[in-house]
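J.:
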Amino acid sequence: MKRRRFIAVGCVLIATASAFAVAAPDFPGLEITPEVVVIGTSSAGGSGAAQLVNEGEDDVTVGMITADPSCSTGISVAAGTLPFTLAAGSGTRTLMYTCAPSATGGMRRCIWQAATAAGVPLIDFEAVCETRGMPSLSPSTTMIDLGDVPVGGAASAMASVTNLSPTTITTLFFQTTDLDGNFKLGAPCNPDARECNAAVGNLGNGMAQPFSVLCTPQAAGLHTAQLHIASNTSQYLSQVIALRCNGIAPATPAISVSPSPADVGNVEVVGTASATKTVTIANIGGGTLRIQSIAINDSVPGAAADWSYTTTGACMGAIPPACDLTTNQQLAVQLELDPTAIGARDANLLINYHDTIDRSISVPLLGIGRGATLSLVGGQPQLDFGVVPLNMTSTVTFELANAGNRDTTAMLAIDAPVGPFTLSPMATATVTAGMPTTITATCRPTATGMFTTTFRVSSADAASMPIAITARCEGTSAALYGSPTTLQLGEVRTGTGPVRRPLMVLAVGPAASLASVALESPDSNLAVTPLSSTSTPAAFELVVTPTSDGDLSQNAIIVTPTSGAPLRIPISGKVVTASYQVLDTVSLGTFCINQPTTTSTLRLTSTGTATIELAEPALAQPGSPFDLRFSSPSRYAARLAPGGVALVGVTPRRQFVPGAQADELVWMTDVAAMPTARTALTAEFIDEGAAAAPSALGFGKVPIHVATMSSQSVTLQNCENTAIQLDTPQISAPFSIDSPSFPTTLMPNEAATFSVGFYPTRLGRFEQRLVIRFNAPPLEPLEILLDGEGITGDGGPGDGDLDGERTSFYACSGCASNDPSGVLAIVLAACCALLPRRRRTAR
Numbered sequence: 001m002k003r004r005r006f007i008a009v010g011c012v013l014i015a016t017a018s019a020f021a022v023a024a025p026d027f028p029g030l031e032i033t034p035e036v037v038v039i040g041t042s043s044a045g046g047s048g049a050a051q052l053v054n055e056g057e058d059d060v061t062v063g064m065i066t067a068d069p070s071c072s073t074g075i076s077v078a079a080g081t082l083p084f085t086l087a088a089g090s091g092t093r094t095l096m097y098t099c100a101p102s103a104t105g106g107m108r109r110c111i112w113q114a115a116t117a118a119g120v121p122l123i124d125f126e127a128v129c130e131t132r133g134m135p136s137l138s139p140s141t142t143m144i145d146l147g148d149v150p151v152g153g154a155a156s157a158m159a160s161v162t163n164l165s166p167t168t169i170t171t172l173f174f175q176t177t178d179l180d181g182n183f184k185l186g187a188p189c190n191p192d193a194r195e196c197n198a199a200v201g202n203l204g205n206g207m208a209q210p211f212s213v214l215c216t217p218q219a220a221g222l223h224t225a226q227l228h229i230a231s232n233t234s235q236y237l238s239q240v241i242a243l244r245c246n247g248i249a250p251a252t253p254a255i256s257v258s259p260s261p262a263d264v265g266n267v268e269v270v271g272t273a274s275a276t277k278t279v280t281i282a283n284i285g286g287g288t289l290r291i292q293s294i295a296i297n298d299s300v301p302g303a304a305a306d307w308s309y310t311t312t313g314a315c316m317g318a319i320p321p322a323c324d325l326t327t328n329q330q331l332a333v334q335l336e337l338d339p340t341a342i343g344a345r346d347a348n349l350l351i352n353y354h355d356t357i358d359r360s361i362s363v364p365l366l367g368i369g370r371g372a373t374l375s376l377v378g379g380q381p382q383l384d385f386g387v388v389p390l391n392m393t394s395t396v397t398f399e400l401a402n403a404g405n406r407d408t409t410a411m412l413a414i415d416a417p418v419g420p421f422t423l424s425p426m427a428t429a430t431v432t433a434g435m436p437t438t439i440t441a442t443c444r445p446t447a448t449g450m451f452t453t454t455f456r457v458s459s460a461d462a463a464s465m466p467i468a469i470t471a472r473c474e475g476t477s478a479a480l481y482g483s484p485t486t487l488q489l490g491e492v493r494t495g496t497g498p499v500r501r502p503l504m505v506l507a508v509g510p511a512a513s514l515a516s517v518a519l520e521s522p523d524s525n526l527a528v529t530p531l532s533s534t535s536t537p538a539a540f541e542l543v544v545t546p547t548s549d550g551d552l553s554q555n556a557i558i559v560t561p562t563s564g565a566p567l568r569i570p571i572s573g574k575v576v577t578a579s580y581q582v583l584d585t586v587s588l589g590t591f592c593i594n595q596p597t598t599t600s601t602l603r604l605t606s607t608g609t610a611t612i613e614l615a616e617p618a619l620a621q622p623g624s625p626f627d628l629r630f631s632s633p634s635r636y637a638a639r640l641a642p643g644g645v646a647l648v649g650v651t652p653r654r655q656f657v658p659g660a661q662a663d664e665l666v667w668m669t670d671v672a673a674m675p676t677a678r679t680a681l682t683a684e685f686i687d688e689g690a691a692a693a694p695s696a697l698g699f700g701k702v703p704i705h706v707a708t709m710s711s712q713s714v715t716l717q718n719c720e721n722t723a724i725q726l727d728t729p730q731i732s733a734p735f736s737i738d739s740p741s742f743p744t745t746l747m748p749n750e751a752a753t754f755s756v757g758f759y760p761t762r763l764g765r766f767e768q769r770l771v772i773r774f775n776a777p778p779l780e781p782l783e784i785l786l787d788g789e790g791i792t793g794d795g796g797p798g799d800g801d802l803d804g805e806r807t808s809f810y811a812c813s814g815c816a817s818n819d820p821s822g823v824l825a826i827v828l829a830a831c832c833a834l835l836p837r838r839r840r841t842a843r
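In my numbering, the protein residues as written are 1 to 843.
1. With which residues is Leu619 paired in a DSSP beta bridge?
2. Is Asn163 closer than 8 Å to Met207 when the C-beta atoms are compared?
3. So for Leu802, helix, strand or coil by DSSP?
4. Leu95 and Val77: beta carbons closer than 8 Å?
5. Secondary structure at Ala322, three-state DSSP: helix, strand or coil?
6. I'd like to know if the segment 324-338 and the segment 374-384 are in contact, where contact means that at least 3 CB-CB pairs between them fall below 8 Å.
7. Just the Cα atoms here: how many angstroms apart are Ile469 and Lys574?
8. For the beta strand (DSSP E) containing Asn283, name the first residue and the last one.
9. Between the Cα of Asp180 and the Cα atoms of Ala515, Thr168 and Arg194, which residue gives the shortest distance?
10. For Leu746 and Val756, which I take to be in contact (beta-carbon distance under 8 Å), what is that distance rounded to the nearest angstrom?
11. Is Asp306 helix, strand or coil when you go by DSSP?
12. Let me check one thing: in DSSP terms, what residues is Phe656 bridge-paired to?
13. Give the range of the beta strand (DSSP E) segment to which His354 is assigned.
14. Tell me the start and end of each unbroken beta strand (DSSP E) in the segment 453-519 that is at least 3 residues and wholly inside, in chain order.
15. Between Thr598, Arg678 and Ala673, which lies nearest to Gln621 when the distance is taken from Cα to Cα?
16. Reducing DSSP to helix, strand and coil, say where Phe173 ends up.
17. Val270 and Ala341 - do their beta-carbons sit closer together than 8 Å?
18. Between which residues of its own chain and Ala44 is the CB-CB distance below 7 Å, once the five residues before and five after are set aside?
19. If distances are taken between C-alpha atoms only, which option among Val279, Val300 and Ala507 comes closest to Gly313?
20. With Ala100 as the anchor, note down where its beta strand (DSSP E) starts and where it stops.
21. Taking just the CA atoms, how far does Lys184 sit from Ser90?
22. Take every Cβ of the segment 422-432, pair it with every Cβ of the segment 348-365, and state whether three or more of those distances are shorter than 8 Å.
23. For Arg629, write down the residues that DSSP places opposite it in a beta bridge.
24. Between which two residues does the beta strand (DSSP E) holding Pro392 run?
25. Between the Cα of Ala660 and the Cα atoms of Ala673, Leu681 and Pro675, which residue gives the shortest distance?
26. Where DSSP assigns a beta bridge to Cys189, which residues make up the other side?
27. Candidates Gly133, Leu172 and Ser308: which alpha carbon is nearest Asn202's?
28. Mapping the DSSP letters down to three states, classify Asn266 as helix, strand or coil.
29. Considering Cα atoms alone, identify which of Ala441, Pro250 and Ile569 is closest to Thr397.
30. By Cβ distance, which residues of its chain are closer than 6 Å to Thr177, with the 5 residues on each side in sequence left out?
31. Can you grab the Cα-Cα spacing for the pair Ser739 / Phe754, in whole Å?
32. If I measure Cβ to Cβ from Gly286 and keep anything under 7 Å in the same chain, skipping five residues before and after, which residues do I get?
33. Alpha carbon to alpha carbon, what distance is there between Thr276 and Leu859?
34. Does Gln845 pass the burial test, meaning 16 or more other C-beta atoms within 10 Å, or should it be called exposed?
35. Taking 8 Å as the threshold (C-beta atoms), are Leu640 and Val650 in contact?
36. When you compare only the Cα positions, how much space is there between Asp627 and Ala673?
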């Protein structure tokens, strides 16, 4: 029958990374051999096969084969014509896998699910394309036997792999051939998973990378599998590692949660598109497992509200009320992501349950809002061509920007009557994400008078409103005209040197005598130089000395002739200040060695009036102990409007030995006064006591008296070799612990996650320390910093402080700005005071 892939949690919380998790009906005898095919792939590609066999008593009809959204590109399966029927007892079908050539090393993976025509799951299977150059990865052992392990528990062993090649490795790819989740990889994978791509720093010739393997049996009996390892440099194992353990049936309840993480891939923001995933919870032990609550918390600020769930199976609807699962009963949590924003929409599915004590497990929910935006660079929706002689052409350009993560097609139109105006391109223009597109507008009057129109710019698939640009152009038969007929300055930043724009005064026909040139209105940012001649042609310059923010579009240059009407040359643009803020220092929390770590969100906030450009943020150290995930924007280079926020997720890599890990997150901008800024990152790994992460929660600006999904997660870890007892912490409004029960006991190497919410009922900034105390053994308390602001209006994740914006407790360089008024460095506590202390108190 179809194997059910659930990961047991007894004293240790384990979750599988299998893609599909919908419970399958019983189809005795339906098997696939092998269920995971690892295909050696060369520059010409590769191929492999598996055999689907029905040894059961009933015919089975396969109506569809569906790839998981997380599948790599360049890998496919062929099963012949669908549907097909496998006859009872002997029906077979060969599945053929194809790996396209790849220029990169490592592994590409895809899991498929065979189902009936009605969509009822039958069986899952996987193919892995392993790029093979040299068999120069040498394992420390070719057999790992983890012995007897209770179903619902876990046992681990350490091994290592040595690089025998002169090529330096930066990423290792781990793959087990067990789809059921009986075997997992611990560090360097993060979190535990049956397959992963793990950054390993710089692994040079002769260097060994340790790794841990876990047996997490899903059923009683003997379990075997193979472990394959490859590198980004096309190296692979000289000999595959055999895995073995024996599952022992438990008498007490044991939870199984699959898959984890749950990844729905890319989902369109515009339209009605959404993505679904089913996470299945099961009791694979004895007795009764009680599911107390299921909730969704933010990982990326504001993302939890984009996720929803309902349950089927043992219970229907939402949890609570509690749901009891007897042996082998299942609860299907049907998740849906309907993204409201472009970029990462990661969240956490928090499951509180009771087996023999109250526990919790957190399933990372991964998804990316995919889409495009359409905006007018500079944000000034008026074009004034100025005074244009008859039958002459004046040209003005404007730029369209796309801050999304895919391209979009802009549709361009001119309101009737079109008159002397044109656009180029006329009908459509491709606006590439992160790269502005220039549109050229012209006016060529054939009659005197003022002409006006509106340029319309829209996109059918952009997450933004249509753009309307008003345009005006005066056709003239007068002698004087300017070249150019209008001045477009765009954004001119304070703190930069004078900007000089040359102009010419010309005449149609004979030379004209000129009296003066001046600004229409005095402006401290603007000046004009004297005319080079008292008759046409005459040159002069507009000099912009940006000293203070202001709109320049209400001004113009007036050229006065000795006789006749003056010439007006319009000016457009604005003086702006470029500034931004980042934190100087962030502690990401404390973690047990060899245990999974969690992600914290840091941000850069544009605090000035200028649009700033961002290059891709990076970690300073080669082989950094941290990993980055770009939340919003999800791709770089990018532009950040005034008040905009760039969010980056930072995750410490798992460590094998205790000690502090540190690096710097480098932000790169086009702000001349501060082109780069650095945020110092720290994380502490310990081998005794208790750990907590993150060390602080920032809720930002939240509207008062409004029910919002603002909960965030805190993860506790027991680094001791004995159980620890916790006291229920005290917390004051407007903060609250949203989990129905706070963990009172953590077994050795166990983790527990609880949620904290912020629900303000009055305006103002709120700060609080959440203190977690222990009564056995007597460990030092852990402290979590809480920060939020109650406001009127909508609030939202784009406002106020976030996880990484705790300026009242961390030093902030003002944070990185050429605006002295931006300095917010208020240090109320040293960063080290925020780190949970791990040593025992005196006995």
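All C-beta atoms, glycine included, are put in the ideal place defined by N, C-alpha and C.
T.: Answer, in terms of the structure:
1. As a working note, residue 619 is residue 619 in the sequence shown. DSSP output for Leu619 lists Leu665 as bridge partner(s).
2. Locating residue 207 in the sequence shown gives position 207, counting from the first residue. Locating residue 163 in the sequence shown gives position 163, counting from the first residue. Cβ distance < 8 Å, so Met207 and Asn163 count as in contact.
3. In the sequence shown, the residue the question calls residue 802 occupies position 802. Residue placement at Leu802 cannot be trusted, given a pLDDT of 38 that sits under 50; the coordinates are not used to answer.
4. Within the sequence shown, residue 95 is the residue found at index 95, counting from 1. Within the sequence shown, residue 77 is the residue found at index 77, counting from 1. Contact flag set, yes.
5. In the sequence shown, counting from the first residue as 1, residue 322 sits at position 322. Three-state DSSP puts Ala322 in coil, outside helix and strand.
6. no
7. If you number the sequence shown from 1, residue 469 lands on position 469. If you number the sequence shown from 1, residue 574 lands on position 574. Roughly 17 Å between the two C-alpha positions.
8. Taking the sequence shown and counting its residues from 1, the one referred to as residue 283 is at position 283. Note, Asn283: beta strand (DSSP E), Ala275 to Asn283.
9. For the purposes of this step, residue 180 is identified with residue 180 of the sequence shown, where counting begins at 1. It is Arg194 whose Cα lies nearest to the Cα of Asp180.
10. Stepping through the sequence shown from its first residue, residue 746 is reached at position 746. Stepping through the sequence shown from its first residue, residue 756 is reached at position 756. That pair is no contact at about 18 Å.
11. Along the sequence shown, one-based indexing puts residue 306 at 306. Helix, per DSSP.
12. By 1-based counting over the sequence shown, the position of residue 656 is 656. According to DSSP, which records beta bridges pairwise, Phe656 is partnered with nothing at all.
13. Counted from its first residue, the sequence shown places residue 354 at position 354. That run of the beta strand (DSSP E) goes Ala347 to His354.
14. 467-476, 480-483, 487-493, 499-507 and 514-519
15. Here the question's residue 621 lines up with position 621 in the sequence shown. Closest by alpha carbon: Arg678.
16. Locating residue 173 in the sequence shown gives position 173, counting from the first residue. Reduced to three states, the DSSP call for Phe173 is strand.
17. As a working note, residue 341 is residue 341 in the sequence shown. As a working note, residue 270 is residue 270 in the sequence shown. Not a contact, by the Cβ cut-off of 8 Å.
18. In the sequence shown, counting from the first residue as 1, residue 44 sits at position 44. Closer than 7 Å at the Cβ level, and outside the excluded window around Ala44, lie Pro101.
19. On the sequence shown, position 313 is the one that residue 313 refers to. Nearest of Val279, Val300 and Ala507 to Gly313, Cα basis: Val279.
20. To locate residue 100, count along the sequence shown from 1; it is residue 100. Neither: Ala100 is in no beta strand (DSSP E) and is coded neither H nor E.
21. As a first step, residue 90 is located in the sequence shown; it is residue number 90 there, counting from the start. As a first step, residue 184 is located in the sequence shown; it is residue number 184 there, counting from the start. Cα-Cα distance, rounded: 33 Å.
22. no
23. Here the question's residue 629 lines up with position 629 in the sequence shown. DSSP lists Gly649 as partners of Arg629.
24. As a working mapping, residue 392 is identified with position 392 in the sequence shown. Per the sequence presented here, residue 392 reads as Met, with Pro not at that position. First-last for Met392: undefined, no H or E at that position.
25. As a working note, residue 660 is residue 660 in the sequence shown. Answer by Cα proximity: Leu681.
26. Looking up residue 189 in the sequence shown gives position 189. In the DSSP output, where bridge partners are listed per residue, Cys189 has none listed.
27. Stepping through the sequence shown from its first residue, residue 202 is reached at position 202. Measuring from the Cα of Asn202, the nearest candidate turns out to be Leu172.
28. Here residue 266 refers to the residue found at position 266 of the sequence shown. If DSSP states are grouped into helix, strand and coil, Asn266 belongs with the strands.
29. For this step, residue 397 is matched to residue 397 along the sequence shown. Out of Ala441, Pro250 and Ile569, Ala441 has the C-alpha closest to the C-alpha of Thr397.
30. If you number the sequence shown from 1, residue 177 lands on position 177. Excluding sequence neighbours, Thr177 sits near Val36, Ala225 and Gln226.
31. As a working note, residue 739 is residue 739 in the sequence shown. As a working note, residue 754 is residue 754 in the sequence shown. The straight-line gap from Cα to Cα measures roughly 6 Å.
32. For the purposes of this step, residue 286 is taken as the residue at position 286 of the sequence shown. Answer for Gly286: Pro250, Ala251, Thr252, Pro253 and Thr327, listed in chain order.
33. No answer is possible for residue 859: it lies beyond the span of the chain, which begins at 1 and ends at 843.
34. An answer regarding residue 845 cannot be provided, because it is not within the stretch 1 to 843 covered by the chain.
35. Taking the first residue of the sequence shown as position 1, residue 650 is located at position 650. Taking the first residue of the sequence shown as position 1, residue 640 is located at position 640. Not a contact, by the Cβ cut-off of 8 Å.
36. Numbered from its first residue, the sequence shown carries residue 627 at position 627. Numbered from its first residue, the sequence shown carries residue 673 at position 673. Approximately 28 Å between the Cα atoms of the pair.
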